[in-house]
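Asks: Dropping a structure here in structure tokens format, bear with me for questions.
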Amino acid sequence: MRKRLQKWRIASLFAILALLLAGCGEPFVSALQPAGEVAKRQYDLMILSTSIMVLVIIAVVVIFLIVIFRFRRKEGDKSIPKQIEGNHKLEIIWTVIPILLLLILAVPTVTATFDFADTKAMEKKDKDGKTKDALVVNVRANLYWWEFEYPDLGIVTSQDLVVPTDEKVYFNLTASDVKHSFWIPAAGGKMDTNVEGENQFWLEFDSKKAENVKDVFYGKCAELCGPSHALMDFKVKTKSRAEFDQWAADMKKVKKPVAEGDLAKQGEAVFNKSCIGCHAVTPNDSRPEQARQAPNLATFGERERIAGVLEHDEENLKNWIKDPEQFKPGNTMTGTYKVTDEQVDALAAYLMGLKVEEK
Amino acid sequence: MSTYAQKKGFGATVWDYLTTVDHKKIAILYLIAGGLFFVVGGLEAMFIRIQLAVPDNDFISAGLYNEILTMHGTTMIFLAAMPLVFAFMNAVLPLQIGARDVAFPFVNALGFWLFFFGGVFLNLSWFLGGAPDAGWTSYASLSLHSEGHNVDFYVLGLQISGIGTLIGGINFLATIINMRAPGMTYMRMPLFTWSSFVVSALILFAFPPLTVGLVLMMFDRMFGSNFFDATAGGNTIIWEHLFWIFGHPEVYILILPAFGIFSEIFATFSRKRLFGYSSMVFATVLIGFLGFMVWAHHMFTVGMGPIANAIFAVATMAIAVPTGIKIFNWMFTMWGGSIKFTTPMLYATAFIPSFVAGGVTGIMLAAAPADYQYHDSYFVVAHFHYVIVGGVVFGLLAGTHFYWPKMFGTMLNEKLGKISFWLFLIGFHLTFFIQHFLGLMGMPRRIFTYLPGQGFETGNLISTVGAFFMAVAVLILLINIIMTSIKNERVGNDPWEDGRTLEWAIPSPPPFYNFKQLPLVRGLDAYWVEKMEGKNGMTPAEPLGDIHMPNSSILPLVMSFGLFVAAFGAMYHVDDKSWAIPVLVIGLLITFGAMFIRSVKDDHGFHIHKEDLLDDDDKGAKA
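Chains A and B supply the protein sequences, listed in that same order.
Note that the first sequence covers residues 1 to 359 in full-length UniProt numbering.
Note that the second sequence covers residues 1 to 623 in full-length UniProt numbering.
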């Protein structure tokens, strides 16, 4: 018996060791390496609750170990222990102490709940109906892709969310088909994008932490939404306020993309025939939401990933266009167009040339 | 009763079980069916773990993975844990209160067959175009978006098995209120009976919201209504509320009977009465009550607003108090006792630290703002497996070993039992502990794969290794059951030697009428009281007389089968199949026909005569 217990201890030791090896996750996707005010406060709350709970666990484990080692029955022992009904003093102690511990936890819980829900800044509008001093992003989740609209800037983009650092960014969240959930673990907890109504919350991105991850955080869909739920990733690109303003200005300037080179020009022709019904290529897409059926491709050449998950290169892009179903089962693009292999090459050249930032 | 069964041929035995209304046989049916579904759900879990063992794995495809994860959850909760809980409630509860059967034996059988046909219907989806794929929670927007009949199987299968559970709960309530033996006051009821009592009340109030939700969804999917269709003015959040108003009490419905089983085991193998019995009863009732007040903590990220979130956060934390009381009471039951570590006792002791770990993560989850991080991540997966496996499954495994001799009259092998216990315990912690960290490191739940380079590789591999330990443990348990059944060494009334409650005062397995004479209960732990006064058995509360027993009937099975047939009609009616409506009608005719027969045909049961009971004396002694 004791030997077996030791075995068990070795197993748990092994688990802890493995944990250390795994570290606390990657800084661009881990809630344990908070990179912003929301995530930081959530992390602090985790630490507080964990510490309180560790106290409880220690109390339980100490009594537990004493009990299972001290009161073990000897072979052939026929004695009958004293039958104890209870003990009021003890029972009151283990009722009152947990209540006190919970109160300690309840206070910061309630405060943070209200702070995180404070989106009053979104409601202060100037006379043009634009939000006064807050950046607002409308997030629209779709079957396996994300759209980010900056209503006050007149910009629409997809898959890569661009945000300024060290300030609160406010989000309107909604979904256009089924329920999804918007989660950037390193920046803060998630909020659902429902099919009815809009949810609002804010996040903040710390510039120093952003530097550590080369200004790219990972975002995820956290609500089961169909076969490719696991592949509904997006990226967050952080910029300083000045860089962000520059980016926004560049985005607003774009009128119509210019295809460079013959192949890209052919690609543009194919695109205008087969793809433009769903995909827009300018960031100032003024069509209503329902008409924006597919990701905006204005910044496609600058994207972090193809379709949110594949490495960003032409080979992957071609494969994706040829058979999207292979990479994202259940996506809404499969089967909506027909292109030959040559046309795919042209399309790839065209799409890779879609860039906004002047570098 | 087994002495009678052994004399019969195989066919007759099968017929006997198909028509039985005896709570002990229904318990065995629940145990077999629930065990079978437990193995199915376990296999699905293994597929999940194999798929996630390495990044970018293609062991199973994306769509199939969603079907497997949905069926794993649905099967484990509705078709494995629930019926296994019902198995022990059926096997033990009437014996513990000194009753000859449940209040409505016919309804008891009906409950089983409804569950069984609902479960079979649900699992037939694998062979008829694909299983449900919207998660066991089946959130409305996704489940309405899901094409094919996949989700229809969920909607219809759970409705049928849900009715079975509901009438089972009502039956146990009536039984406990009305059929306690003389002297068995409420505050002398064993804790397993108490928790079954509270659980039955929870079932009574929790299952109707689920039924309502399922009916609304059935109409949306099959008959063109728009309750949950947001584009037509419906609202999907209503489904989430209905589901969790059921779903949260449901987890207490599962855990409280496990608490009950543990309470019996701790007292028995410590040779000590339960510490703080009345506070245990109070805590059980309180947990049941609070269980209805906290459902929205599953929905903190839905956008209910800070007021609702704060209220539900604090309410959820409150549940920790009665649960903590129970943990300490159990430990102080052992304190000063004379502890014998049998297999059931090993499960019970291992349950304490395992469940405490699950409980404290529950408190962490209750802190709403932090839950925004935990929600729908692997942290939640780790949490609920710690409470459900560390609590419910440990309880069911402990109960299986503990009550096996009472149900079947033979002991499971202790050595094999202990081997499988250790494997299961190690495997359990290996599988789920690491998942807390995976969640915090940013891994969402219900993903069929993950890309390399995000720091999820090591944790997932460890988790998969752990799952194999658990699989081997279950395999050894099955071998144990087979070997034990073949050897079939008979045991006496009180095989654990320290039995305290009424069920240990009668033969194993008990005769089909349970108590020849109803026992007189003179205190908590009725049998123990008599033993301590040097008596061999209970003092009878009545003179030996004729016993009135119910007749067996095939009607419960027929009624359930009718609904099973009707469900196919309702489902294929959507495809404009010409045979669909007739099938629906025929199915309902079968059900209503059987109900009609039951209503008009008088069935007075039969009497066992005093003389036959006297004859039985010798057999009882032998058994």
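Glycine included, every Cβ here is placed at the ideal spot set by N, Cα and C.
(1) Under the three-state reduction of DSSP, which class applies to Ile-48/B: helix, strand or coil?
(2) For Ile-57/A, go through chain B and note every residue whose CB falls closer than 9 Å to its CB, in chain order.
(3) Does DSSP put Arg-73/A in a helix, in a strand, or in coil?
(4) Return the CA-CA distance between residue 629/B and Tyr-386/B, expressed in angstroms with no decimal places.
(5) Strictly below 9 Å CB to CB, what residues from chain B border Ile-104/A?
(6) What are the start and end residues of each continuous beta strand (DSSP E) run of 3 or more residues lying completely inside the stretch 469-527 of chain B, in chain order?
(7) Can you give the Cα-Cα distance for His-375/B and His-248/B, rounded to whole angstroms?
(8) Taking 7 Å as the cut-off, decide whether the C-beta atoms of Ala-80/B and Gly-11/B are in contact.
(9) Quick one: does Met-441/B have its CB under 7 Å from some CB of chain A?
(10) Between which two residues does the beta strand (DSSP E) carrying Asn-138/A extend?
(11) Helix, strand or coil for Glu-85/A, going by three-state DSSP, please let me know.
(12) With a threshold of 16 other CB atoms inside 10 Å of the CB of Leu-271/B, please say whether the residue is buried or exposed.
(13) Can you tell which of Lys-338/A, Pro-27/A, Asp-133/A has the C-alpha that lies nearest to the C-alpha of Val-169/A?
(14) Please check if any C-beta of chain B sits within less than 7 Å of the C-beta of Val-60/A.
(15) I want to see whether chain A comes within less than 7 Å of Met-293/B, judged by CB atoms only; does it?
(16) Short of 8 Å Cβ to Cβ, which residues in the stretch 332-354 of chain B face chain A?
(17) For the alpha helix (DSSP H) containing residue 632/B, name the first residue and the last one.
(18) Apart from the five residues on each side of it in sequence, which residues of its chain come closer than 7 Å, Cβ to Cβ, to Gly-233/B?
(19) CA-CA distance, Phe-114/A and Val-195/A?
(20) What are the boundary residues of the alpha helix (DSSP H) that Leu-173/B is part of?
(21) How big is the Cα-Cα spacing for Val-574/B and Ser-146/B?
(22) Enumerate in chain order the residues of its own chain whose CB-to-CB distance from Met-352/A is below 8 Å, with the five nearest sequence positions on each side excluded.
(23) Whole angstroms is fine: what's the gap from Glu-44/B's alpha carbon to Asn-212/A's?
(24) Per DSSP, which one or two residues make a beta bridge with Leu-142/B?
(25) Does DSSP put Asp-160/A in a helix, a strand or coil?
(26) Pull the bridge partners of Arg-305/A from the DSSP assignment, please.
(27) Tell me which residues of the stretch 446-474 of chain B have at least one Cβ-Cβ distance to chain A shorter than 7 Å, keeping chain order.
(28) Who pairs with Ala-175/A in a beta bridge, going by DSSP?
(29) For Ser-552/B, does the three-state DSSP call read helix, strand or coil?
(30) So is Lys-290/A buried or exposed if we call it buried at 16+ other beta carbons inside 10 Å?
(31) Specify whether the stretch 493-504 of chain B and the stretch 154-166 of chain B touch according to this definition: at least 3 beta carbon pairs, one from each stretch, less than 8 Å apart.
(32) Considering only the alpha carbon of each residue, which of Tyr-572/B, Gly-324/B, Val-521/B, Ser-552/B lies closest to Val-96/A?
(33) What did DSSP end up calling Tyr-150/A once you bin it into helix, strand or coil?
(34) Cα-Cα, which of Leu-103/A, Asn-319/A, Val-309/A, Phe-64/A is closest to Lys-220/A?
(35) Mind the definition here: the stretch 53-62 of chain B touches the stretch 447-455 of chain B only if three or more C-beta pairs lie below 8 Å; say whether that holds.
(36) Between Asp-525/B, Asp-16/B, Lys-24/B, Phe-38/B, which lies nearest to Val-474/B when the distance is taken from Cα to Cα?
Replies: Taking the geometry as given:
(1) helix
(2) Pro-353, Val-356, Ala-357, Val-360
(3) coil
(4) Given that chain B is displayed from residue 1 to residue 623, the structure contains no residue 629/B and the question cannot be resolved.
(5) The contacting residues do not exist; Ile-104/A stays about 11 Å from chain B at best.
(6) none
(7) Between His-375/B and His-248/B, the C-alpha separation is close to 15 Å.
(8) No, Cβ-Cβ distance for Ala-80/B and Gly-11/B is not below 7 Å.
(9) yes
(10) 135-142 is the extent of the beta strand (DSSP E) around Asn-138/A.
(11) coil
(12) Sequence check: residue 271/B is Arg here, not Leu. With 16 or more other Cβ atoms inside 10 Å of its own Cβ, Arg-271/B counts as buried.
(13) Shortest Cα-Cα distance from Val-169/A to any of Lys-338/A, Pro-27/A, Asp-133/A involves Asp-133/A.
(14) yes
(15) no
(16) Phe-332, Met-334, Trp-335, Gly-336, Gly-337, Ser-338, Ile-339, Lys-340, Phe-341, Thr-349, Ile-352, Pro-353
(17) Summary: the structure shown does not reach residue 632/B, with chain B confined to residues 1 through 623, and so no result is reported for it.
(18) For Gly-233/B, where only same-chain residues beyond five positions count, the Cβ hits under 7 Å are Asn-226.
(19) 24 Å
(20) 150-178
(21) 14 Å
(22) Phe-300, Gly-301, Glu-314, Leu-317
(23) 40 Å
(24) Answer by DSSP bridge pairing: none, since Leu-142/B is not bridged.
(25) strand
(26) Glu-311/A
(27) Arg-446, Ile-447, Phe-448, Thr-449, Tyr-450, Leu-451, Gln-454, Gly-455, Thr-458, Gly-459, Ile-462
(28) Ala-141/A
(29) Ser-552/B: coil per DSSP, three-state reduction.
(30) A small fix is needed here, since residue 290/A is Gln in this sequence, not Lys. Classification of Gln-290/A: exposed, given that the 10 Å Cβ count is below 16.
(31) With a cut-off of 8 Å on Cβ pairs, the stretch 493-504 of chain B is not in contact with the stretch 154-166 of chain B, counting fewer than three such pairs.
(32) Gly-324/B
(33) strand
(34) Comparing Cα positions, the closest option is Val-309/A.
(35) yes
(36) Phe-38/B
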